[in-house]
Amino acid sequence: MLVGSDLRMAKSRSDFQLTKEDRETIPEIKKEINTMKKGYKEMAAINLALSNLYFEIESEAESYYDRIAECE
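Residue 21 in the working numbering sits at position 28 of the sequence shown, with consecutive numbering throughout.
(1) Leu11 lies in the alpha helix (DSSP H); which residues open and close that run?
(2) Cα separation between Ile50 and Glu63?
(3) Just the C-alpha distance for Lys66 and Tyr33, rounded to the nearest angstrom, thanks.
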């Protein structure tokens, strides 16, 4: 929240000007963002696969413990 002297420092959108150099970097930035999104999606798939694998392993181990408990 802006209060007191901070109100004078606030700028509107029209106060910001893009230079030619800034405009040229926008496609590069978009490409980097798309690359990052792709990487996060790939990591999400890997994390899901790992969590499914460990869930199966944990379930299998639990069934062994249940069988051992029944034998005692």
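Just so it is clear, CB atoms sit at the ideal spot from N, CA and C, and this is done for glycine as well.
If you're wondering where the values come from, they're calculated on a predicted model, not measured in any experiment.
Here's the rundown:
(1) In the DSSP assignment, Leu11 falls outside any alpha helix (DSSP H), carrying neither H nor E.
(2) 20 Å
(3) Only positions -6 to 65 of the chain appear in the structure, and residue 66 is not among them; the question remains open.
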